[in-house]
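Peer 1: Residue numbers (this note's numbering): 417 to 544.
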Amino acid sequence: MENKKIIIVDDEPGVREAVATVLSREGYEVLEAGDGTSGVSLALRERPALVILDVLMEPMSGWEVCRILRQIKEIADTPVLMLTGKQDVKDKITAMQVGADDFLPKPFRNDELKWRVERLACGAILTS
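1. For serine 544, does the three-state DSSP call read helix, strand or coil?
2. Using the three-state DSSP reduction, which class does valine 514 fall into: helix, strand or coil?
3. Just mark arginine 432 as buried or exposed, buried being the case when its beta carbon has 16 or more other beta carbons within 10 Å.
4. For arginine 535 versus leucine 520, is the C-beta spacing smaller than 9 Å?
5. Report back the beta-carbon spacing between glycine 452 and glutamate 480 to the nearest angstrom; my notes put them in contact at under 8 Å.
6. Short check: CB of alanine 459 to CB of valine 471, under 9 Å?
7. Decide if alanine 492 is buried, meaning its Cβ has at least 16 other Cβ atoms within 10 Å, or exposed.
8. Report the residue from Val496, Cys538, Leu529 whose alpha carbon sits nearest the alpha carbon of threonine 437.
9. Consult DSSP for lysine 421 and reduce its assignment to one of helix, strand or coil.
10. Taking the alpha-carbon positions, what's the glycine 430 to leucine 447 distance?
11. Confirm, please, whether the CB-CB distance from aspartate 426 to glutamate 474 is below 9 Å.
12. Classify serine 544: buried if its beta carbon has 16 or more other beta carbons within 10 angstroms, exposed otherwise.
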């Protein structure tokens with residue numbers, strides 16, 4: 417059975433709702449977490465096809481969450497998409513250095529979000 421679960425970890429409820437709406441219409445089962453600690457726990461429990469992470473969260477940043485996800489054997493290979501207001505090239509480099517698979521700055525276009533999610537989630541589905 418295909419894994420269609422996606423976890424959105426963002427401290428802004430409006431962003432989580434907007435992303436969840438777009439991805440639910442594409443047939444994904446979207447789960448939400450409002451902070452990094454909850455996101456890590458949810459990912460470990462649910463084993464999603466993809467984790468979408470905001471960077472600017474408290475008390476644990478998206479950078480820290482991504483590092484932790486990469487250290488947990490059971491979910492270390494889960495693709496991570498950083499979805500953030502940070503747009504500097506150094507932020508994109510940092511995303512890759514902490515283990516992210518892709519980086520999409522806010523604001524984003526829905527069609528680009530869907531394309532990136534499909535690319536990452538399908539890759540996870542095909543390799544799992």
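All residues carry an ideal CB built from backbone N, CA and C; glycine is no exception.
Peer 2: Let me spell this out:
1. Legend: pLDDT at serine 544 = 36, less than 50; position of this residue unreliable, no value from coordinates given.
2. In the structure shown, valine 514 sits in coil (DSSP, three-state: anything other than H, G, I, E or B).
3. By the neighbour-count definition (other C-beta atoms within 10 Å, threshold 16), arginine 432 is a buried residue.
4. no
5. 6 Å
6. no
7. exposed
8. Leu529
9. strand
10. 14 Å
11. The answer is no: Cβ separation not under 9 Å.
12. Because the pLDDT of serine 544 is 36, which lies under 50, any placement of that residue in the model is unreliable, and the question is left without a value.
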